[in-house]
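Note that the numbering used here has the sequence shown beginning at 3, numbered continuously upward. Where a beta carbon is used, it is the ideal one built from N, C-alpha and C, also for glycine. Structure record follows, encoded as structure tokens.
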Amino acid sequence: VHAFDERSWQAVSERLAARTRTIPLEGLVFQHVAREAWQQAHDQHRRALRNRTQVSLHRLRIALKKFRYTLENFLPERHARWGADLKYLQDLLGEIHDLDVLAGIVSHLPHVTGAERELWRMKIQQERQQRLAIYREKMLGQGSLWHEWQRGLPNGARLEEAALVRLRTWARFLDPDVEHAKHVTQLALQLYDGLARGKILSCSSKQRRILKTAALLHDVGIAKGNHAHHKHSYRMIRKLIVPLGWTAEELSQVGAVARYHRGALPRPEHSCLRRLPASARASVIQLAGVLRLANAFDLSHDKKVRRLAVKRTNGAIIVESEGYNPTGAIAERVAAARHLLETSCQVAVVVRPCR
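Structure (structure tokens):
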């Protein structure tokens with residue numbers, strides 16, 4: 003305790019407080035945090051019912067406490083509805099833990115006869131079973147509190163959206179130009195949707211989500227320095243804890259797409275591609291081609307190119323760009339950036355101003 007660095011802790015607390023103030027209570031970010039806490043507690047609930055050990059029940063109590071504190075701090079409206087039940091269950095499991103501790107003490111008490119020890123054991127077991135029965139009554143079946151809490155938190159498509167908002171919030175603390183990332187995301191999705199309509203890319207909600215997330219996160223690596231920041235972005239995304247609603251493979255694909263928004267073209271020996279399943283590599287490179295071209299339209303971070311429209315004609319793709327100047331400095335960058343999209347999709351890409 004004496005070695006605890008209070009000054010450093012105070013500095014960290016102030017910095018974190020400033021950050022969390024920008025995240026609204028009851029918002030999707032904290033809903034996602036709570037949904038993860040719910041999932042962890044529910045997983046522990048299933049283990050406890052399966053194992054019925056002292057340790058598993060104790061861990062369940064800790065998981066419920068974490069869920070309750072998450073609600074209390076970040077989702078006060080839900081805490082007002084669910085907090086009393088959570089506190090009751092936490093206390094119930096705490097009493098079971100205390101009874102288990104008491105049973106251990108009694109079993110080692112000196113000067114206690116075998117008959118007395120058996121009476122103690124039976125009474126403790128009776129009290130323990132009563133509390134377990136109450137817990138099971140409240141927490142099993144379709145009408146259980148677990149289902150009530152889950153219904154009040156993001157699920158399905160809403161859970162995916164909450165995970166994306168959480169990732170976007172993380173990026174906001176690292177990317178020095180969030181508006182650029184948002185603009186590139188819009189352009190990338192316009193390109194993707196047009197290419198999907200033209201049957202150049204497969205129309206997949208999963209692939210679109212990966213592209214959208216990679217576009218929002220592609221510049222987070224600048225926080226570690228502008229030089230080779232695309233590689234920093236990849237590593238930072240790869241090290242993230244996989245948010246609920248995503249898989250580790252999907253997050254790795256996001257990182258790889260962000261990795262190739264600039265810099266060297268993808269090569270088979272690159273580790274970020276080798277780590278992916280062979281079946282995912284082609285689509286990742288195509289998405290990287292989309293992001294690379296979208297980013298080139300706003301390399302100056304001035305948002306002059308406002309909208310993209312895609313047409314397919316005579317075996318080529320025409321990208322009509324509102325605000326694009328074919329004789330300006332941007333034209334050279336766009337010409338170079340389109341190469342990855344052309345080679346990965348095996349189609350010529352022609353960029354021109356909107357008519």
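query: What are the boundary residues of the beta strand (DSSP E) that E322 is part of?
result: Taking the sequence shown and counting its residues from 1, one reaches residue 322 at position 320. Unbroken beta strand (DSSP E) run through E322: A318 to E324.
- prompt: CB-CB under 7 Å to W151, same chain, minus the five flanking residues each way: which ones, in chain order?
  reply: One-based indexing of the sequence shown puts residue 151 at position 149. Only W40 and W84 meet the Cβ criterion.
query: Would you say the region 287 to 307 touches the region 329 to 345, given that touching needs at least three Cβ pairs under 8 Å?
result: yes
query: Ends of the alpha helix (DSSP H) at L310?
result: Taking the sequence shown and counting its residues from 1, one reaches residue 310 at position 308. Looking at the DSSP string, L310 is not in any alpha helix (DSSP H); the run it does join, the beta strand (DSSP E), is R309 to T315.
field: Selected residue, minimal CA-CA separation from L166, among L213, A284 and G143
entry: Start at 1 with the first residue of the sequence shown, and residue 166 comes out as number 164. Of L213, A284 and G143, the residue nearest in Cα terms is L213.
- prompt: Can you tell me the Cα-Cα spacing of I202 and E38, whole angstroms?
  reply: Translated into positions along the sequence shown, residue 202 becomes position 200. Translated into positions along the sequence shown, residue 38 becomes position 36. One C-alpha to the other measures close to 37 Å.
task: Return the CA-CA distance between L267 and G223, expressed in angstroms with no decimal places.
output: As a working note, residue 267 is residue 265 in the sequence shown. As a working note, residue 223 is residue 221 in the sequence shown. Their backbone Cα atoms lie some 18 Å apart in a straight line.
task: Take P156 and list the residues in its own chain whose beta-carbon comes closer than 6 Å to its own, dropping the five residues that flank it on each side.
output: As a first step, residue 156 must be located in the sequence shown, where it is residue number 154. Excluding sequence neighbours, P156 sits near Q33, R37 and A164.
task: Could you check which residue in V351, Y90 and R130 has the C-alpha nearest to that of V292?
output: Here the question's residue 292 lines up with position 290 in the sequence shown. Comparing Cα-Cα distances from V292 to each of V351, Y90 and R130, the minimum goes to V351.
- prompt: How would you call V57, buried or exposed, if buried means at least 16 neighbouring beta carbons within 10 angstroms?
  reply: The sequence position of residue 57 within the sequence shown is 55, counting from 1. Exposed.
task: State the Cα-Cα distance for the pair K67 and Q92, rounded to the nearest angstrom.
output: In the sequence shown, the residue the question calls residue 67 occupies position 65. In the sequence shown, the residue the question calls residue 92 occupies position 90. Going by the C-alpha atoms only, they are around 7 Å apart.
- prompt: How close, in whole Å, do the beta carbons of R269 and N297 come, if the pair is a contact with beta carbons under 8 Å?
  reply: Translated into positions along the sequence shown, residue 269 becomes position 267. Translated into positions along the sequence shown, residue 297 becomes position 295. No, R269 and N297 are not in contact; Cβ-Cβ is about 20 Å, not under 8 Å.
- request: Identify, in the order they occur along the chain, each residue of the same chain with its Cβ nearer than 8 Å to the Cβ of L77, setting aside the five sequence neighbours on each side.
  value: For the purposes of this step, residue 77 is taken as the residue at position 75 of the sequence shown. These residues qualify, in order along the chain: L27, E28, F32, Q33 and A36.
task: Please classify A165: does DSSP put it in a helix, a strand, or coil?
output: Position 163 of the sequence shown holds residue 165. Helix at A165.
field: Three or more C-beta pairs below 8 Å linking the region 182 to 196 and the region 297 to 308
entry: yes
query: Which value, in whole angstroms, describes the spacing of the CA atoms of P112 and E118?
result: Taking the first residue of the sequence shown as position 1, residue 112 is located at position 110. Taking the first residue of the sequence shown as position 1, residue 118 is located at position 116. In a straight line, the C-alpha of P112 is about 11 Å away from that of E118.
- request: Identify, in the order they occur along the chain, each residue of the same chain with its Cβ nearer than 7 Å to the Cβ of L104, setting aside the five sequence neighbours on each side.
  value: Indexing the sequence shown from 1 puts residue 104 at position 102. Counting only Cβ-Cβ distances below 7 Å, and skipping sequence neighbours, we find I126.
Inter-residue Cα distance where the pair is Q255 and G96: Locating residue 255 in the sequence shown gives position 253, counting from the first residue. Locating residue 96 in the sequence shown gives position 94, counting from the first residue. So the alpha carbons of these two residues sit roughly 43 Å apart.
- request: Output the distance between the C-alpha atoms of L246 and E139, rounded to the nearest integer angstrom.
  value: Locating residue 246 in the sequence shown gives position 244, counting from the first residue. Locating residue 139 in the sequence shown gives position 137, counting from the first residue. Cα to Cα, the separation comes out at about 28 Å.
task: Report the residue from Q144, L176 and S346 whose alpha carbon sits nearest the alpha carbon of G227.
output: As a position in the sequence shown, residue 227 is number 225, starting the count at 1. The shortest Cα separation from G227 among Q144, L176 and S346 belongs to L176.
query: For R210, which of H220, A225, A190 and L219 has the nearest alpha-carbon?
result: Here the question's residue 210 lines up with position 208 in the sequence shown. Nearest of H220, A225, A190 and L219 to R210, Cα basis: A190.
field: A331 - partner residues in DSSP beta bridges
entry: Translated into positions along the sequence shown, residue 331 becomes position 329. None; A331 has no bridge partner.
task: Would you give the residue range spanned by the alpha helix (DSSP H) that P245 belongs to?
output: Looking up residue 245 in the sequence shown gives position 243. Element bounds for P245: n/a, residue is neither H nor E.
- prompt: When we look at the beta-carbon of L18 and count the other beta-carbons within 10 Å, is it buried (16 or more) or exposed?
  reply: If you number the sequence shown from 1, residue 18 lands on position 16. Classification of L18: exposed, given that the 10 Å Cβ count is below 16.
message: Looking at the secondary structure, which residues open and close the beta strand (DSSP E) in which V353 lies?
response: Taking the first residue of the sequence shown as position 1, residue 353 is located at position 351. It spans A350 to P355 - the beta strand (DSSP E) in which V353 sits, taken as one unbroken run.
Residue from G330, S346, V349 and C347 with nearest C-alpha to P355: Position 353 of the sequence shown, counted from the start, is the residue given in the question as residue 355. Taking only the C-alpha atoms, the option nearest P355 is G330.
query: Between which two residues does the alpha helix (DSSP H) carrying V360 extend?
result: Residue numbering for the chain in the displayed model covers 3 to 357; residue 360 lies beyond these limits and cannot be assessed.
- request: Compute the distance between the beta-carbons of R70 and K89, then report whether it is under 8 Å.
  value: The residue you call residue 70 lines up with position 68 of the sequence shown. The residue you call residue 89 lines up with position 87 of the sequence shown. Cβ atoms of R70 and K89: closer than 8 Å.
N- and C-terminal bounds of the alpha helix (DSSP H) containing L176: Taking the first residue of the sequence shown as position 1, residue 176 is located at position 174. Element bounds for L176: n/a, residue is neither H nor E.
message: To the nearest angstrom, how far is the alpha carbon of E8 from that of E16?
response: Numbered from its first residue, the sequence shown carries residue 8 at position 6. Numbered from its first residue, the sequence shown carries residue 16 at position 14. Approximately 12 Å, taken between the alpha carbons.
Short Cβ contact (8 Å threshold) for R261 with H232: By 1-based counting over the sequence shown, the position of residue 261 is 259. By 1-based counting over the sequence shown, the position of residue 232 is 230. Yes, the pair counts as a contact, with Cβ atoms nearer than the cut-off.
- request: Please list, in chain order, all residues of the same chain as L278 whose beta carbon is under 8 Å from its beta carbon, the five residues on each side excluded.
  value: For the purposes of this step, residue 278 is taken as the residue at position 276 of the sequence shown. Around L278: E251, S254, Q255, A258 and V286.
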